[in-house]
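Numbering (my numbering), first residue to last: 19 to 453. All residues carry an ideal CB built from backbone N, CA and C; glycine is no exception.
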């Protein structure tokens, strides 16, 4: 391994300092442990090393671990018998398998499940009611909107569908201020990754004057894409289902157009809907420009519904070029469309094959928000209700912001004294999300 750089030293300082602060504020017991579902990015190695025995198990998400095998191997080497790269979403739908796994990795300790994507949602009720695991489970933390709502593929459920059956608390950080900051940096990472792939596959990148660019879905990631492209003097066509967003885009002099117009004119389309909208409206395939490239900014199963389109024979795989990381499909009308990172015949977000992910320092805050919420769930002072989904408490977020500023931007940090106990945090009643 390389010697840690000054940049790595700051990351380690932030993690260790924030962990100590959270443990102090939440009065965290030494035996509390966490089961993670996370992307396999290289900064995760540093983060996990700072957790020490707090880590019970890590399940790397297949969308990143398949490409970043080197990261997975390093994780397995550094943290033997705690990395479960062979476990996927399908395994965790099997309740017997999931119960046995959790009993094996937690070994009777109190634990929280901290995840991106709702992998444990199908078994959450059984876990909470298990006579051995239930008393030890302090709750669930989900980091994505899809993990809360479930995907529109009809089979991938989220915590929203099962929350009313679960007596343990569930916290969503999908609308956290930290998550919003992190998402802003994902857009630029996707553009740069996409640019590199296009240069390899077709000889010119996103900035080429002959390409028309489209963006469908202008949430946090989509707006990050738009800002980054605008900085390179690229004015993409844009569309969002929310009419208020369309009005805002048009008012800001962006090229807001109907969805069918965008699809017909764009050579490269960034999809940021988080739903299976093409599978739900396969007639839209008729409007896509011949040989256009679709860039899925989440993953193929939840973004456009690529597996469903294949199963229903609306599209058929023609060519899958692993080197160029682009798959070519034919529609029923014999039109060619291409999907970036189609090496798995489905497609996924381009930044997921980059070992560092987005490389954003905001990711460190997100790591620590997971940790802090797990400790918060275990704290006797939390008193969160079961049967509902609670938002990430603002004061927990503020604690992490304070530590992050102290390490990375000390001149910007708040000079007021920090609380020293959970009671001094004066946590408000959490905003409840309807289940």
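Exposed or buried, what is residue i when buried is set at 16 or more other beta-carbons lying within 10 Å of its beta-carbon?
i: residue 330; result: exposed
i: residue 401; result: exposed
i: residue 202; result: buried
i: residue 246; result: buried
i: residue 134; result: buried
i: residue 270; result: exposed
i: residue 185; result: exposed
i: residue 336; result: exposed
i: residue 261; result: exposed
i: residue 198; result: exposed
i: residue 227; result: exposed
i: residue 265; result: exposed
i: residue 99; result: exposed
i: residue 187; result: buried
i: residue 351; result: exposed
i: residue 125; result: exposed
i: residue 178; result: buried
i: residue 87; result: exposed
i: residue 70; result: exposed
i: residue 259; result: exposed
i: residue 408; result: buried
i: residue 207; result: buried
State the start and end residues of the unbroken alpha helix (DSSP H) segment that holds residue i.
i: residue 157; result: Unbroken run through residue 157 is the beta strand (DSSP E), 155-160; no alpha helix (DSSP H).
i: residue 293; result: That residue, residue 293, is in no alpha helix (DSSP H); it is neither H nor E in DSSP.
i: residue 107; result: 107-111
i: residue 384; result: 380-396
i: residue 351; result: Neither: residue 351 is in no alpha helix (DSSP H) and is coded neither H nor E.
i: residue 242; result: 238-249
i: residue 163; result: 163-167
i: residue 45; result: Segment: none, residue 45 is in no alpha helix (DSSP H) and carries neither H nor E.
i: residue 266; result: 261-269
i: residue 325; result: 324-329
i: residue 91; result: 87-96
i: residue 150; result: Note, residue 150: premise wrong, no alpha helix (DSSP H); not H, not E.
With DSSP as the reference, please indicate the residues paired to residue i in a beta bridge.
i: residue 56; result: 78
i: residue 409; result: 190
i: residue 414; result: Answer by DSSP bridge pairing: none, since residue 414 is not bridged.
i: residue 211; result: Note: residue 211 sits in no beta bridge, so no partner.
i: residue 337; result: 346
i: residue 256; result: 233 and 274
i: residue 287; result: 232 and 312
i: residue 358; result: 344
i: residue 73; result: 52
i: residue 175; result: DSSP output for residue 175 lists no bridge partner at all.
i: residue 101; result: 76
Would you grab the beta carbon distance between residue i and residue j for me? Rounded to a whole angstrom, and I think it's under 8 Å.
i: residue 151; j: residue 121; result: 6 Å
i: residue 192; j: residue 235; result: Actually they do not touch by this definition, with Cβ atoms about 15 Å apart.
i: residue 36; j: residue 386; result: 5 Å
i: residue 292; j: residue 320; result: 6 Å
i: residue 40; j: residue 74; result: That belief does not hold up - the Cβ atoms of residue 40 and residue 74 are roughly 17 Å apart, past 8 Å.
i: residue 304; j: residue 354; result: No, residue 304 and residue 354 are not in contact; Cβ-Cβ is about 13 Å, not under 8 Å.
i: residue 381; j: residue 61; result: 6 Å
i: residue 229; j: residue 286; result: 6 Å
i: residue 80; j: residue 106; result: 6 Å
i: residue 252; j: residue 225; result: 7 Å
i: residue 101; j: residue 76; result: 5 Å
i: residue 396; j: residue 149; result: Residue 396 to residue 149, Cβ: 20 Å. No contact.
i: residue 343; j: residue 215; result: 5 Å
i: residue 44; j: residue 394; result: 6 Å
State yes or no: is the beta carbon of residue i nearer than 8 Å to at least one beta carbon in chain D?
i: residue 224; result: No chain D is part of this structure, which consists of one protein chain only.
Residues in its own chain within less than 6 Å of residue i by CB, not counting five upstream and five downstream?
i: residue 272; result: 256
i: residue 183; result: 143
i: residue 263; result: 236
i: residue 428; result: none
i: residue 78; result: 58, 90 and 103
i: residue 422; result: 383
i: residue 132; result: 52, 54, 159, 388 and 392
i: residue 333; result: 327, 347 and 349
i: residue 267; result: 256 and 274
i: residue 157; result: 130, 186, 187 and 395
In terms of residue numbering, what span does the beta strand (DSSP E) encompassing residue i cover?
i: residue 129; result: 129-133
In chain order, what residues of the same chain lie with their CB nearer than 7 Å to the CB of residue i, ignoring the 5 residues before and after it?
i: residue 65; result: 33 and 385
i: residue 415; result: 194, 195, 196 and 387
i: residue 176; result: 136, 139, 164, 165, 166, 167 and 168
i: residue 418; result: 36, 196, 383, 386, 387 and 390
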